[in-house]
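Residue numbers (this note's numbering): 19 to 427.
To start, the structure itself, in structure tokens.
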Ligand SMILES: Cc1cc2nc3c(=O)[nH]c(=O)nc-3n(C[C@H](O)[C@H](O)[C@H](O)COP(=O)(O)O)c2cc1C
């Protein structure tokens, strides 16, 4: 019998999610000076925890202060003070949900205005058409740099456990470092880390294995993986299934299926395959195929806004429905669904020709809602995209200045 969205789910490590709705990772860009979580993030996660999700996954937390996706990103390294993370963990776990940190290294997906150490499998910059200059030129990693990155992921996972989080999720989707290694378009190495799929998956598998060995069995380990990059010649659905077969052997507790990269942003519902637009769970078919080969539960994220859709995700054999956008607009969506309500979720986004700017404006609109909740306010669905984008730019310059001055100290 198909489980319901409010049925608990026991993970392979024996721990339980109280229900099958997860808040998927969203970069909040709300860290305090020193790139640590503070009052605004505590308030935001308290709000989500009270809203009834079974699993909260943080926005991506950086494992290296010199490689961050946003100037307000949270960083977790060996030297980072743990008390702010303990308070963050406590805030998210209030209602019995599991709270995981998502760990990420952006690789080449770093905007030039932030700068830093831009490392990638190969020295191939992002191709963003007329916006390519917005991104930094990466340097191909040498063996020593790869070993350091593995160590940093392990260290961050151990410290997340120490701070009281229930698990970590490795971000191997969306064209960040793991995903760059996985794709033959961005990984053109001829050593043990490139070439065959086995070699391209080595970084992810080594990190997953090393993290699992370094944490307690009850500490959950998840992996967010692209179903495909949606780029000709890139990481595809068959590759994703094979990577999951390898992950089966590594005591991974959950695989989250997403898709796309900066160059082809399928996670926002824009894939080369227009048919996906017709669906309300963008990656459901891919996730179903992955669930067929996975020994761990599978979650899919992308497009889920209605209870019926979350139900159909479970009916397809996928164990967890991941929700991002809808929870920025209605943070207590699971509690509302439980009461039988069906809130209509519709963000009035921009209809601009420049897709990159339109998507930046939508993200800015959503981030504004996170910011509002961080201040104790309520989200709104009719914010102005232009105003959101402009104020996001100004805020970004201020945060870049603060981030750089912190780095210099
Ligand atoms: C503001 C924002 C920030 C995001 N940051 C992250 C992130 O840090 N890590 C990640 O894996 N995905 C991130 N995503 C992607 C979401 O997790 C999700 O895969 C995507 O938004 C599709 O789901 P949705 O349709 O429910 O929003 C972000 C999405 C948004 C809207």
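Heads up, the beta-carbon is just placed ideally off N, CA and C, and yes, glycines get one too.
Where residue 118 sits in the DSSP three-state scheme: Along the chain shown, read from residue 1 onward, the residue named residue 118 stands at position 100. Of the three classes helix, strand and coil, the one that applies to residue 118 here is strand, per DSSP.
*asked:* Can you tell me whether residue 399 is helix, strand or coil according to DSSP?
replied: Against the chain shown, residue 399 aligns to sequence position 381. Three-state result, residue 399: coil.
Proximity of residue 347 and residue 330 at Cβ, strictly below 9 Å: Taking the first residue of the chain shown as 1, we reach residue 347 at position 329. Taking the first residue of the chain shown as 1, we reach residue 330 at position 312. No.
Is residue 92 near ligand 1, judged by its Cβ being under 8 Å from some heavy atom? On the chain shown, position 74 is the one that residue 92 refers to. No; taking the cut-off as 8 Å, the Cβ of residue 92 has no heavy atom of ligand 1 nearer than that.
Query raised in the report: Distance, Cα to Cα, residue 91 vs residue 102?
Result: Within the chain shown, the letter at position 73 stands for residue 91. Within the chain shown, the letter at position 84 stands for residue 102. Those two C-alpha atoms are separated by around 14 Å.
ask   = Are three or more beta carbon pairs between the stretch 273-289 and the stretch 212-228 nearer than 8 Å?
value = no
query = How would you call residue 180, buried or exposed, if buried means at least 16 neighbouring beta carbons within 10 angstroms?
reply = Here the question's residue 180 lines up with position 162 in the chain shown. Burial call: exposed.
Q. What residue range is occupied by the uninterrupted beta strand (DSSP E) comprising residue 319?
A. Walking along the chain shown from the start, residue 319 turns up at place 301. From DSSP, the beta strand (DSSP E) with residue 319 extends over 316-319.
| message | Rounded to whole angstroms, what is the Cα-Cα separation between residue 349 and residue 124? | response | Translated into positions along the chain shown, residue 349 becomes position 331. Translated into positions along the chain shown, residue 124 becomes position 106. Residue 349 and residue 124: Cα-Cα distance of roughly 27 Å.
| query | Mind checking residue 35: buried by the 16 CB within 10 Å criterion, or exposed? | reply | Reading the chain shown from its first residue, position 17 is the one you call residue 35. Residue 35 comes out buried.
Problem set entry | Proximity to residue 244 [Cα-Cα], best of 341, 40, 68, 275 | Here residue 244 refers to the residue found at position 226 of the chain shown. Ranking 341, 40, 68, 275 by Cα distance to residue 244 puts 275 first.
Point to revise | Three-way DSSP call (helix, strand, coil) for residue 153 in this model | key: Stepping through the chain shown from its first residue, residue 153 is reached at position 135. Residue state, collapsed to three classes: strand.
Q: Kindly list the residues whose CB is nearer than 7 Å to the CB of residue 286, restricted to its own chain and excluding five residues on each side of it in sequence; keep chain order.
A: Locating residue 286 in the chain shown gives position 268, counting from the first residue. Closer than 7 Å at the Cβ level, and outside the excluded window around residue 286, lie 377.
According to the Cβ coordinates, are residue 54 and residue 99 closer than 9 Å?
-> Position 36 of the chain shown, counting from 1, holds the residue named residue 54. Position 81 of the chain shown, counting from 1, holds the residue named residue 99. Result yes, Cβ atoms of residue 54 and residue 99 sit closer than 9 Å.
Q | Proximity below 9 Å, CB of residue 30 to CB of residue 271 | A | To locate residue 30, count along the chain shown from 1; it is residue 12. To locate residue 271, count along the chain shown from 1; it is residue 253. Contact: yes.
Quick check on this structure: which residue in 23, 109, 83 has the alpha carbon closest to the alpha carbon of residue 392? Position 374 of the chain shown, counted from the start, is the residue given in the question as residue 392. Comparing Cα positions, the closest option is 109.
* Asked: DSSP on residue 100, reduced to helix/strand/coil?
  -> Against the chain shown, residue 100 aligns to sequence position 82. If DSSP states are grouped into helix, strand and coil, residue 100 belongs with coil.
What three-state label does DSSP hand residue 95 in the structure shown?
Translated into the one-based positions of the chain shown, residue 95 becomes position 77. The answer is coil: DSSP assigns residue 95 none of H, G, I, E or B.
Measuring only the C-alpha atoms, how far is residue 206 from residue 80?
In the chain shown, residue 206 corresponds to position 188, counting from 1. In the chain shown, residue 80 corresponds to position 62, counting from 1. Their Cα atoms are separated by approximately 25 Å.
Practice prompt. For residue 290, count neighbouring C-beta atoms within 10 Å of its own C-beta (all shown protein chains included) and say buried if the count is 16 or more, exposed if not.
Written response: Numbered from its first residue, the chain shown carries residue 290 at position 272. Confidence at residue 290 is low in this model, with a pLDDT of 47, below 50, so the placement of that residue should be treated as unreliable; the coordinate-derived value is given next. So residue 290 ends up on the exposed side.
Let's test the definition: count the other Cβ atoms within 10 Å of the Cβ of residue 121 and tell me whether it reaches 16, buried, or not, exposed. For the purposes of this step, residue 121 is taken as the residue at position 103 of the chain shown. Buried.
- request: Verify the contact flag: residue 244, CB atom, against every heavy atom of ligand 1, threshold strictly below 8 Å.
  value: Here residue 244 is taken as the residue at index 226 of the chain shown, counted from 1. No.
| said: Please classify residue 214 as buried or exposed, where buried requires at least 16 neighbouring CB atoms within 10 angstroms. | reply: Start at 1 with the first residue of the chain shown, and residue 214 comes out as number 196. Residue 214 comes out exposed.
| field | Own chain partners of residue 146 with C-beta closer than 7 Å, once the 5 adjacent residues on each side are dropped | value | Here residue 146 refers to the residue found at position 128 of the chain shown. If we look at residue 146 and ignore the five residues flanking it on each side, its Cβ neighbours are 152, 153, 280, 281, 374.
Report task. Buried or exposed for residue 84, please, with buried defined as at least 16 other CB atoms from any protein chain shown within 10 angstroms of its CB. Result -> Numbered from its first residue, the chain shown carries residue 84 at position 66. The residue in question, residue 84, is exposed, as its Cβ has fewer than 16 Cβ neighbours within 10 Å.
With three or more C-beta pairs closer than 8 Å as the rule, is the stretch 303-311 touching the stretch 320-338? yes
Hey, which unbroken runs of the alpha helix (DSSP H) at 4 residues or more fall wholly within the stretch 36-84? 57-68
Discussion item. Between residue 98 and ligand 1, is there a pair consisting of the residue's CB and a ligand heavy atom that are separated by less than 8 Å?
Written reply: The sequence position of residue 98 within the chain shown is 80, counting from 1. No, since every heavy atom of ligand 1 falls outside the 8 Å radius drawn around the Cβ of residue 98.
Fill in: Enclosing alpha helix (DSSP H) for residue 329 [first to last residue]
For the purposes of this step, residue 329 is taken as residue 311 along the chain shown, with counting starting at 1. Element bounds for residue 329: 325-333.
Q.
residue 383 and residue 365 - do their beta-carbons sit closer together than 9 Å?
A. Start at 1 with the first residue of the chain shown, and residue 365 comes out as number 347. Start at 1 with the first residue of the chain shown, and residue 383 comes out as number 365. Closer than 9 Å, so yes.
**Q.** Cβ contact check for the stretch 132-144 and the stretch 45-53: 3 or more pairs under 8 Å
**A.** no
### Task
Within its chain, find whatever has a CB closer than 7 Å to the CB of residue 131; leave out the 5 residues flanking it on each side and keep chain order.
Looking up residue 131 in the chain shown gives position 113. These residues qualify, in order along the chain: 418.
Which listed residue (381, 23, 164) has its alpha carbon closest to that of residue 209: Taking the chain shown and counting its residues from 1, one reaches residue 209 at position 191. Here the closest residue by C-alpha is 164.
Practice item. Could you say which of 267, 367, 197, 117 lies nearest to residue 178 if we only look at CA atoms? Key: As a working mapping, residue 178 is identified with position 160 in the chain shown. Looking at the Cα atoms, 117 is the closest of the given residues.
Give the range of the beta strand (DSSP E) segment to which residue 274 is assigned. In the chain shown, the residue the question calls residue 274 occupies position 256. Segment 272-276, the beta strand (DSSP E) holding residue 274.
Taking the beta strand (DSSP E) that residue 187 falls in, what are its first and last residues? Residue numbering aside, residue 187 sits at position 169 when the chain shown is read from its first letter. Residues 185-190.
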